Amino acid sequence: MQKEMIFSSLLEAVPLPGLLITGENRILCANSAALLLFGNNVVGLAYISVLRHPAVLKAIEVTLGGQAEAKTRYIAALGDQDVTYDMTCRRVKIAKNNLILVCFRDVTDVEQATQMRRDFVANVSHELRTPLTALSGFIETLQGPAREDAAARKRFL
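Residues 13 to 169 in the numbering used here are what the sequence shown spells out, letter by letter.
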């Protein structure tokens, strides 16, 4: 019990939502940010019942299997909005305890800014292509059928 209090105190110092998972696949402790994200009753539960996202489960499994670190994306529905997290799992050995530290960094604002940039570039590209297509059509007409027709040339220029 003393160890769990120490682990909880250390985890509470982490500003991101964080969980400590045991080698027995249970959540040993969660900081207050993680409790807000996953609910107050997650400590002691199997992580599989709390984190039901396949990529998250895979990242934790490979870390439990010996890999030093694994990262993935986690999307949580909070109210009427989806929140995107970069999730990192790291093996932690404290005394004789092999644990997995799982942290979630909110990247929703970054994702939204990236999407806005993509949309802007797509719109600008479309807005530039439309007049260029019209100019290209005029040039083709002037080089082709209207080459010798002065009235048509005047109309297109």
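Backbone N, C-alpha and C define an ideal beta-carbon position, used for all residues, glycine too. Just so we're clear, the structure is a prediction, and the values are computed from it rather than from any experiment.
Judged by DSSP secondary structure, V114 falls within the beta strand (DSSP E) whose first and last residues are 109 to 118. In this structure, L40 sits away from E73, with a CB-CB distance that is not shorter than 8 Å.
With respect to the C-alpha of L28, the residue from F50, I60, A107, N135 having the closest C-alpha is F50.
DSSP, read as helix, strand or coil, puts E81 in strand. The count of Cβ pairs closer than 8 Å, one atom from the segment 95 to 109 and one from the segment 64 to 73, reaches three, so the stretches are in contact. Approximately 12 Å separates the beta-carbon atoms of V54 and A45; this is outside 8 Å, ruling out the contact.
In the displayed model, L23 falls within a helix according to three-state DSSP.
Q93 is bridged by DSSP to L90.
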